[in-house]
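This report refers to the structure that appears directly beneath it.
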């Protein structure tokens, strides 16, 4: 009989855990909406992201900040998307970048085709704290 | 303007397919172009003749002997040389039989108008092509309440090659921009109901690496120009006459609003 008392509590806990596991979607127009991290990165952060259309080609510049006292290795690649959200071109190779301690590194990329209207910056670092998805 | 608005209101009340919608005839785009040329003509003739003859006679007998010979030589040479150099320039008038199909299509899409076919201007090109009142009077636009008269202001082809910063590739851009002026003229009162300039733009961009050669698609560019011009014309007619809400995405960019050179800064 006493067990029934805990049923609402269990339901509440389940609901809370469900809420905790689902992050709210990133705000449109924010860096988080354009950056895909393969897990949470402890020391590296995308602090600035901007895009411009030059010669009808999308050019993207991202700034990576290392908040650690050690150098950090970063791997990144861009996903290029057309107006319908389809990937343009093949998958890019991962590019390694060493971000020195307490320093910022700028990444620049140009879209491979004028059909590209959107992009995603995919990043991963070996010193990630989280688990890979 | 009030009458036209009333016409729109009535036409919208009665729905599509009614007989009250104003009829528009769309002219081909008239143009005037200065044609300049230069010629350099060299005419050279040389005629020469040589004539030579020789005759010899010899006579020999017991009593006497004689010999005579004659030779003649004559030569003649004649050279004519003419060199003419000049430049010329004239203004060519005509109608561009392109780019109006999509204008008609977009006007029909607004649902406020019906279209009637205009007679093409086939007379020998002269400045009379701009005399729209005379053309209306001559019955070039049968059954039309309004004539959308368009003239080409500028037609500009560009072929550019620019290096892409940070890469070893080049961006080859072949583009065409057409600017035309339009007047919407009442065929009875000759009142100008709307006037504006509209732009059509199209481009074919190819990414090339050094040494490779690309051939731009002129068809794609012309099609884009025509479509974007049609959208711009319909939008401006709608704006100036205050008709219903005409909405059409930019066909070139597919609704993408990012403009050339505009920096998009993503927030934290």
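Protein chains in written order, with our numbering: chain F, 1343 to 1475; chain C, 682 to 949. Glycine included, each C-beta is placed from N, C-alpha and C at the ideal position.
Closer than 7 Å at the beta carbon, the chain F residues around residue i
| i | result |
| --- | --- |
| residue 905 of chain C | None at all; the shortest Cβ gap to chain F is about 12 Å. |
| residue 900 of chain C | Residues of chain F passing the Cβ test: none, with the nearest at roughly 17 Å. |
| residue 843 of chain C | 1397 |
Distance between residue j and residue i (C-alpha atoms, nearest Å)
| i | j | result |
| --- | --- | --- |
| residue 692 of chain C | residue 922 of chain C | Only weak support is given to the placement of residue 692 of chain C: the predicted model assigns it a pLDDT of 47, under 50, and the value that follows is read from those uncertain coordinates. So the alpha carbons of these two residues sit roughly 14 Å apart. |
| residue 897 of chain C | residue 865 of chain C | 35 Å |
| residue 763 of chain C | residue 729 of chain C | 18 Å |
| residue 944 of chain C | residue 1425 of chain F | 18 Å |
| residue 1464 of chain F | residue 1376 of chain F | 9 Å |
| residue 1404 of chain F | residue 1421 of chain F | 14 Å |
| residue 841 of chain C | residue 721 of chain C | 32 Å |
| residue 785 of chain C | residue 707 of chain C | 7 Å |
| residue 771 of chain C | residue 718 of chain C | 9 Å |
| residue 903 of chain C | residue 777 of chain C | 13 Å |
| residue 1361 of chain F | residue 1381 of chain F | Caution is warranted here: a pLDDT of 49 is assigned to residue 1361 of chain F, below 50, making its placement in the model unreliable, and the coordinate value is therefore given only provisionally. Approximately 19 Å between the Cα atoms of the pair. |
| residue 1442 of chain F | residue 1457 of chain F | 35 Å |
| residue 937 of chain C | residue 1459 of chain F | With a pLDDT of only 49 at residue 937 of chain C, under 50, the local geometry of the prediction cannot be trusted, and the value read off the model is given with reservation. Each residue's Cα considered, the two are about 7 Å apart. |
| residue 947 of chain C | residue 858 of chain C | 32 Å |
| residue 1410 of chain F | residue 1449 of chain F | 19 Å |
| residue 725 of chain C | residue 760 of chain C | 7 Å |
| residue 752 of chain C | residue 732 of chain C | 11 Å |
| residue 873 of chain C | residue 867 of chain C | 6 Å |
| residue 1431 of chain F | residue 1423 of chain F | 9 Å |
| residue 745 of chain C | residue 738 of chain C | 14 Å |
| residue 1469 of chain F | residue 1386 of chain F | 9 Å |
| residue 800 of chain C | residue 901 of chain C | 28 Å |
| residue 821 of chain C | residue 767 of chain C | 40 Å |
| residue 837 of chain C | residue 916 of chain C | 23 Å |
| residue 755 of chain C | residue 727 of chain C | 17 Å |
| residue 831 of chain C | residue 709 of chain C | 7 Å |
| residue 886 of chain C | residue 1412 of chain F | 44 Å |
| residue 1397 of chain F | residue 1415 of chain F | 32 Å |
| residue 1372 of chain F | residue 714 of chain C | 51 Å |
| residue 839 of chain C | residue 899 of chain C | 12 Å |
| residue 698 of chain C | residue 792 of chain C | Caution is warranted here: a pLDDT of 44 is assigned to residue 698 of chain C, below 50, making its placement in the model unreliable, and the coordinate value is therefore given only provisionally. Approximately 9 Å between the Cα atoms of the pair. |
| residue 790 of chain C | residue 711 of chain C | 24 Å |
| residue 819 of chain C | residue 833 of chain C | 23 Å |
| residue 920 of chain C | residue 875 of chain C | 9 Å |
Contact check, residue i vs residue j, beta carbons under 9 Å
| i | j | result |
| --- | --- | --- |
| residue 1455 of chain F | residue 1417 of chain F | no |
| residue 846 of chain C | residue 888 of chain C | no |
| residue 704 of chain C | residue 796 of chain C | yes |
| residue 940 of chain C | residue 1389 of chain F | no |
| residue 749 of chain C | residue 735 of chain C | no |
| residue 1437 of chain F | residue 1462 of chain F | no |
| residue 774 of chain C | residue 814 of chain C | no |
| residue 907 of chain C | residue 794 of chain C | no |
| residue 1399 of chain F | residue 1453 of chain F | yes |
| residue 895 of chain C | residue 853 of chain C | yes |
| residue 824 of chain C | residue 1395 of chain F | no |
| residue 914 of chain C | residue 787 of chain C | yes |
According to DSSP, residues forming a beta bridge with residue i
| i | result |
| --- | --- |
| residue 1407 of chain F | F/1387 and F/1446 |
| residue 946 of chain C | F/1392 |
| residue 866 of chain C | C/828 and C/873 |
| residue 1399 of chain F | F/1396 |
| residue 858 of chain C | C/837 and C/882 |
| residue 1428 of chain F | Note: residue 1428 of chain F sits in no beta bridge, so no partner. |
| residue 1422 of chain F | F/1461 |
| residue 1370 of chain F | Bridge partners of residue 1370 of chain F: none, in fact. |
| residue 760 of chain C | C/727 |
| residue 922 of chain C | DSSP, once it has assigned bridges, lists no residue as partnering residue 922 of chain C. |
| residue 775 of chain C | C/712 |
| residue 851 of chain C | C/844 and C/889 |
Closer than 7 Å at the beta carbon, the chain C residues around residue i
| i | result |
| --- | --- |
| residue 1371 of chain F | 947 and 948 |
| residue 1430 of chain F | Near residue 1430 of chain F there are no residues of chain C at all, since even the closest Cβ is about 11 Å away, more than 7 Å. |
| residue 1456 of chain F | 886 |
| residue 1446 of chain F | By Cβ distance, chain C contributes nothing, its closest Cβ being about 15 Å from residue 1446 of chain F, past 7 Å. |
Beta-carbon separation (whole angstroms), residue i vs residue j, contact threshold 8 Å
| i | j | result |
| --- | --- | --- |
| residue 905 of chain C | residue 891 of chain C | Not a contact, Cβ separation roughly 28 Å. |
| residue 817 of chain C | residue 828 of chain C | 6 Å |
| residue 877 of chain C | residue 855 of chain C | Not quite, the Cβ-Cβ distance comes to about 27 Å (not below 8 Å), so this is no contact. |
| residue 1447 of chain F | residue 1439 of chain F | 6 Å |
| residue 880 of chain C | residue 860 of chain C | 5 Å |
Contact set between residue i and chain F, taken where Cβ atoms lie within less than 8 Å
| i | result |
| --- | --- |
| residue 854 of chain C | 1397 and 1398 |
| residue 943 of chain C | 1394 and 1395 |
| residue 848 of chain C | 1452 |
Cutoff 9 Å: residue i Cβ touching any chain B Cβ
| i | result |
| --- | --- |
| residue 940 of chain C | The structure shown contains no chain B; the protein chains it does contain are F and C. |
Beta-carbon neighbours of residue i, restricted to chain C and to distances below 9 Å
| i | result |
| --- | --- |
| residue 1409 of chain F | Correct list: empty, because the minimum Cβ distance to chain C is about 15 Å. |
Listed by chain order, chain C residues near residue i by CB distance under 8 Å
| i | result |
| --- | --- |
| residue 1391 of chain F | 946 and 947 |
| residue 1376 of chain F | 947 |
Partners in chain F for residue i, counting only beta-carbon separations shorter than 9 Å
| i | result |
| --- | --- |
| residue 1002 of chain C | The structure shown does not extend to residue 1002 of chain C, since chain C is modelled only from 682 through 949, so no value can be given for it. |
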